[in-house]
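Positions 9 to 166 (the numbering used here) are the ones given, in order, by the sequence shown.
C-beta: ideal position from N, C-alpha, C; glycine also.
Source: prediction; values computed, not measured.
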Amino acid sequence: MKRIISIIVDADACPVKDEVLAVSREYGVDVRFVASYAAYTHFPSEQELVKWVFVDQDYQAADMYIANHARSEDIIVTNDYGLAALCLPRGAIVLTPRGKQLDASNLDDLLTSRHLAAKARRAGQRTRGPRPMTEDDRAFFQHKLTKLLLHLQENHAT
Numbered sequence: 009m010k011r012i013i014s015i016i017v018d019a020d021a022c023p024v025k026d027e028v029l030a031v032s033r034e035y036g037v038d039v040r041f042v043a044s045y046a047a048y049t050h051f052p053s054e055q056e057l058v059k060w061v062f063v064d065q066d067y068q069a070a071d072m073y074i075a076n077h078a079r080s081e082d083i084i085v086t087n088d089y090g091l092a093a094l095c096l097p098r099g100a101i102v103l104t105p106r107g108k109q110l111d112a113s114n115l116d117d118l119l120t121s122r123h124l125a126a127k128a129r130r131a132g133q134r135t136r137g138p139r140p141m142t143e144d145d146r147a148f149f150q151h152k153l154t155k156l157l158l159h160l161q162e163n164h165a166t
């Protein structure tokens, strides 16, 4: 039986929903946007392959849903390094909204940086947040997502 690749999006604060929809439409890939009820927004999609999953407002509820439903070769779109750490051992592929692929080679350093920044903030120090998303960032994400899907589809065709 042929494995169906899915894209699962941590949708609460995802800035690239339109780009995910465009790639999904072009390649016929299932997409699940996962968000808490607190972040409910009407984001219409007439695509049959697109589903919205709303979870409780509990802390990490969306992350736990995604981690529990991620399968090998699913593409997870998130900026959450903790969620990435839960999905990678399941064989999922993690892509940030800026198009960076997270894996075992870079995740430890990113988690350490996140921890040190949180520790500095708790100590009253000011830390830098992410720079604003640009159109170039969006285009790069869409390019990386497309390239990743093509690679996965080629591997499944053989």
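Within 10 angstroms of the beta-carbon of Leu29 lie 16 or more other beta-carbons, which makes it buried. Under the three-state reduction of DSSP, Val17 is assigned to strand. As a beta-bridge residue in DSSP terms, Phe41 pairs with Val17 and Trp60. By the C-beta density criterion, Ala126 is exposed, having fewer than 16 other C-beta atoms within 10 angstroms.
Leaving aside the five residues that flank Leu96 on each side, the residues in its chain whose CB is nearer than 8 Å to its CB run, in chain order, Val102, Leu110, Asp111, Ala112 and Leu115. Partner residues in the beta bridge of Leu103, as assigned by DSSP, are Val85 and Gln109.
Val28 sits in a helix when the DSSP states are folded into three classes. Assignment of Thr154 by DSSP, reduced to helix, strand and coil, places it in the helix class. At the C-beta level, Leu57 and Gly90 stay beyond 9 Å of one another. Note on Gly107: 16 or more other CB atoms within 10 angstroms of its CB, so buried under the neighbour-count rule.
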